[in-house]
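Asker:
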Ligand SMILES: [Zn+2]
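In this note's numbering, the protein residues as written are 1244 to 1493.
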């Protein structure tokens, strides 16, 4: 299995221990996500040192109103690394930063342009900003991964435009019926699963620090929701992850 979104540099436990536990649980590939320049450097160091780990590199929307937003050129340099496979996470957050949305949009647009320039997929964070995110992405010509999908309003543009839709542990929560309805509607070849470790631990381990080894809980809820066989869904999602991020087939 491939965990398409984890913050290995933000996990308390050392990455090699986390990855050992992941492999034991059948998670052999992880896309680790950088959220700022220092975090991106750590993500790349982990990817370099670990089998089965690649990195997405971005400056997240929470840093849009900080000096970090001026460092997109440094991102371009880091993205030349052979283990860097995507731009992100990047996007818009109206929940944690409604007052900085204009700055977030500028930083988001700069990273979309970078993804087009480098012909890399883009990993999107969108929270309480579905309309703005859909508008910002309207002209983007590359591959889009909607990480931690949690805005049902984004489903229609996602389906229309062929975006990859990645579900995290929150799709397993009892009150997440609307998200599960969305998960049932995503095309077979566009569905992804992630942990967003160390955040959003799925229901059976909720409240604990999340790790890639917990991906299975999210996958089994997705399978149940879609009336799919879990083994077949695992194989399908692994193919999808490889296609989305340009990885060699597992
Ligand atoms: Zn994330």
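Think of the CB as a built atom: it goes at the ideal place given N, C-alpha and C, for glycine as much as any other residue.
(1) One question on the structure: do residue 1267 and residue 1303 come within less than 7 angstroms of each other, judged by their Cβ atoms?
(2) For residue 1432, which residues in the same chain have their Cβ closer than 7 angstroms to its Cβ, ignoring the five residues on either side in sequence?
(3) Return the chain-ordered list of same chain residues with a C-beta closer than 8 angstroms to the C-beta of residue 1417, the five sequence neighbours on each side being excluded.
(4) Please go through the same chain and pick out, in chain order, the residues whose beta-carbon is closer than 8 angstroms to the beta-carbon of residue 1318, but skip the five residues on each side of it.
(5) Any idea which residues DSSP pairs residue 1335 with across the strands?
(6) Evaluate residue 1439 with the Cβ neighbour count: other Cβ atoms within 10 Å of its Cβ, from every protein chain shown; 16 or more gives buried, anything less gives exposed.
(7) Where do the ends of the beta strand (DSSP E) carrying residue 1272 lie?
(8) Who are the Cβ neighbours of residue 1265 in its own chain at under 6 angstroms, not counting the five residues just before and after it?
(9) Indicate whether the contact test is met: 3 or more Cβ pairs, each with one atom in the segment 1386-1406 and one in the segment 1318-1327, closer than 8 angstroms.
(10) How far does the alpha helix (DSSP H) with residue 1353 in it extend, from its first residue to its last?
(11) Check whether the Cβ atoms of residue 1347 and residue 1307 lie closer than 7 angstroms to each other.
(12) When the Cα atoms are used, what is the spatial distance from residue 1443 to residue 1248?
(13) Is it right to say residue 1376 is buried, meaning 16 or more other beta carbons lie within 10 angstroms of its own, or is it exposed?
(14) Just curious, the alpha helix (DSSP H) that residue 1281 is in, first and last residue?
(15) In chain order, which continuous runs of the beta strand (DSSP E) of length 3 or greater are located wholly inside the segment 1409-1492?
(16) Take residue 1273 and list the residues in its own chain whose beta-carbon comes closer than 6 angstroms to its own, dropping the five residues that flank it on each side.
(17) Looking at the strands, I want to know which residues DSSP matches up with residue 1245.
(18) With DSSP collapsed to three states, give me the class of residue 1381.
Answerer: Straight from the coordinates:
(1) As a position in the chain shown, residue 1267 is number 24, starting the count at 1. As a position in the chain shown, residue 1303 is number 60, starting the count at 1. Not closer than 7 angstroms, so no.
(2) Here residue 1432 is taken as the residue at index 189 of the chain shown, counted from 1. If we look at residue 1432 and ignore the five residues flanking it on each side, its Cβ neighbours are 1483.
(3) In the chain shown, counting from the first residue as 1, residue 1417 sits at position 174. Excluding positions up to five away in sequence, the list reads 1446.
(4) Looking up residue 1318 in the chain shown gives position 75. Cβ neighbours of residue 1318 beyond the five flanking positions: 1280, 1283, 1300, 1301, 1302, 1330, 1354 and 1357.
(5) Translated into the one-based positions of the chain shown, residue 1335 becomes position 92. Note: residue 1335 sits in a beta bridge opposite 1369.
(6) Counted from its first residue, the chain shown places residue 1439 at position 196. So residue 1439 ends up on the buried side.
(7) Position 29 of the chain shown, counting from 1, holds the residue named residue 1272. Segment 1272-1276, the beta strand (DSSP E) holding residue 1272.
(8) Within the chain shown, numbered from 1, the residue matching residue 1265 stands at position 22. Hits under 6 angstroms: 1455 and 1456.
(9) no
(10) On the chain shown, residue 1353 is found 110 positions in, with the first residue counted as 1. Residues 1344-1361.
(11) In the chain shown, residue 1347 corresponds to position 104, counting from 1. In the chain shown, residue 1307 corresponds to position 64, counting from 1. Contact flag set, yes.
(12) One-based indexing of the chain shown puts residue 1443 at position 200. One-based indexing of the chain shown puts residue 1248 at position 5. Computed Cα separation, rounded: 12 angstroms.
(13) As a first step, residue 1376 must be located in the chain shown, where it is residue number 133. Classification for residue 1376: buried.
(14) Taking the chain shown and counting its residues from 1, one reaches residue 1281 at position 38. Under the DSSP assignment, residue 1281 falls in the alpha helix (DSSP H) whose first and last residues are 1280-1292.
(15) Entirely contained in the segment 1409-1492, the beta strand (DSSP E) runs reaching 3 residues are, in chain order, 1434-1436.
(16) Translated into the one-based positions of the chain shown, residue 1273 becomes position 30. Excluding residues within five positions, the ones whose Cβ falls inside 6 angstroms are 1246, 1249, 1296 and 1455.
(17) On the chain shown, residue 1245 is found 2 positions in, with the first residue counted as 1. Answer by DSSP bridge pairing, in chain order: 1272.
(18) On the chain shown, residue 1381 is found 138 positions in, with the first residue counted as 1. Taken through DSSP and simplified to helix, strand or coil, residue 1381 comes out as coil.
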